[in-house]
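In my numbering, the protein residues as written are 11 to 374. Before any comments, here is the structure.
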Amino acid sequence: MTDPVKRLTDTGVAIWLDDLNRELLAGGGLARLMRERALVGVTSNPTIFAKAVSAGDRYDDQLRDLALRGVGAEEAARVVTAHDVRWGCDVLRPAFDATDHLDGRVSIECDPRLAWDTAATIAEARELWWRVDRPNLYVKIPATEEGLPAISAALAEGISVNVTLTFSLDRYEQVIAAYLDGMDAAREAGHDLSQIASVASFFVSRVDTQVDERLDKIGTAAARSLRGRAAIANARLAYQRFERSLETPRWRALAAAGARPQRPLWASTGVKDPSYEDTRYVDELAAPNVVITMPGSTLEAVADHGRARGDAIRGSYEESQRVLDELGTVGVSYQEVVRDLEDDGVARFESSWHELLDTLGEKL
11 MTDPVKRLTD
21 TGVAIWLDDL
31 NRELLAGGGL
41 ARLMRERALV
51 GVTSNPTIFA
61 KAVSAGDRYD
71 DQLRDLALRG
81 VGAEEAARVV
91 TAHDVRWGCD
101 VLRPAFDATD
111 HLDGRVSIEC
121 DPRLAWDTAA
131 TIAEARELWW
141 RVDRPNLYVK
151 IPATEEGLPA
161 ISAALAEGIS
171 VNVTLTFSLD
181 RYEQVIAAYL
191 DGMDAAREAG
201 HDLSQIASVA
211 SFFVSRVDTQ
221 VDERLDKIGT
231 AAARSLRGRA
241 AIANARLAYQ
251 RFERSLETPR
261 WRALAAAGAR
271 PQRPLWASTG
281 VKDPSYEDTR
291 YVDELAAPNV
301 VITMPGSTLE
311 AVADHGRARG
321 DAIRGSYEES
331 QRVLDELGTV
341 GVSYQEVVRD
351 LEDDGVARFE
361 SSWHELLDTL
371 GEKL
């Protein structure tokens, strides 16, 4: 473990990888990252699987068997992704056991085409939970308006949930409420709350990409001074809301019944603008009780020259709110940005899912 990695873990950060593929699993790369990079979790999504299946020949034998059985691309996608996620869960099981079931988890995404359909998302979550059949699984459900009741319903049935595609502070508060609703229902149903887990994935770098583009079009000195500041401010204010949620009587009652907090997870931590420091979204968002998931390149950059120095969030709330207020002053609508990001996030994953289906169809 390098010094920058140790500083993160000492701060209370759980380090996850935003990648999963059969080469990483079969070649021992995932196990190595657990040993050398303190890795304790993995996230996946349709984009990651589309790239994995199209590269190399690791999937060919399984796809050949599926083709001989007459399996189509839709079912093959579920078989292939569940296979890799189950394998990843098995590799990470020691971390799951060592952290008393807090970490050591792997996430699998509900079909993004169902993001606007509550009932279908619930049915998909049940199917994925059954198909992977590992206690250290997270089923990813998007934080759309239709996804919120699906999150509560899945948790109520004992399904651990990674809430994905969260961009706005208002939506994050709704995600927290959906978590509490689900855990209340799980308690009433007699589930062991200590065995149900959740994280809320709050996307970071995409916020700067959207905001910076609008600031560049405005072009004033005041606008330019705000470049690269929105995403970190947004995430820090989300952490403030996380802290507030832990002070409520409702949460305390759930905690007394064995529930664990729904930790914030910083996603989309790879830097999109090459003029920015490549570890900034990790360094500036380290804090206790957060998960940071990173693409492999960002994880290696952090291990090599990360600059995290303990808790980088607490004490920053007034300045962070000032950044968002100044965005409105120069003419950038926060609500418009986060609404566009949610719509675009779902559309991107839908596109990747179709790409995965096309690739599987060709290989089959």
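A virtual CB, placed ideally from N, CA and C, is assigned to each residue, including glycine. Since we're looking at a predicted model, the values are computed, not measured.
- Spanning the alpha carbons of LEU34 and ILE228 requires a straight line of approximately 44 Å.
- When C-alpha distances from SER330 are compared across ILE242, ARG32, TYR69, the shortest belongs to ILE242.
- Of the candidates ALA210, ASP226, SER215, the residue whose Cα lies closest to the Cα of ALA153 is ALA210.
- The beta carbon of THR12 sits closer than 6 Å to the beta carbons of ALA313 from its chain, once the five residues preceding and following it are set aside; these are given in chain order.
- The DSSP-derived three-state label of ILE206 is coil.
- Proximity of the segment 333-353 to the segment 104-116 falls short of the contact definition, fewer than three beta-carbon pairs being nearer than 8 Å.
- Boundaries cannot be given for ALA125, as no beta strand (DSSP E) includes it and DSSP labels it neither H nor E.
- With contacts defined by Cβ atoms closer than 9 Å, LEU225 and LEU236 form a contacting pair.
- Here DSSP, grouped into helix, strand and coil, assigns GLU352 to helix.
- Scanning its chain for C-beta atoms nearer than 6 Å, with the 5 sequence neighbours on each side dropped, one finds around SER362 the residues PRO56, THR57, ALA60, in chain order.
- Counting C-beta pairs closer than 8 Å gives fewer than three between the segment 171-186 and the segment 195-204, which falls short of the contact rule.
- For LEU18, the uninterrupted alpha helix (DSSP H) segment begins and ends at 13-21.
- The beta carbon of TRP126 sits closer than 7 Å to those of THR154, GLU156, all from its chain and outside the five residues before and after it, given in chain order.
- Remark: C-beta atoms of GLY38 and ASP113 do not approach each other more closely than 9 Å.
- Here THR230 is exposed. Its C-beta has fewer than 16 other C-beta atoms within 10 Å.
- Each residue's CA atom was taken as its position, placing LYS150 and GLU119 some 5 Å apart.
- Listed as beta-bridge partners of PHE213 by DSSP are ALA277.
- With contacts defined by Cβ atoms closer than 9 Å, VAL217 and VAL348 form a contacting pair.
- Residue nearest to SER117 within the set ARG324, SER208, SER278 is SER208 (criterion: CA-CA distance).
- Residue burial is scored here from C-beta neighbours: GLY200 has fewer than 16 other C-beta atoms within 10 angstroms and is therefore classed as exposed.
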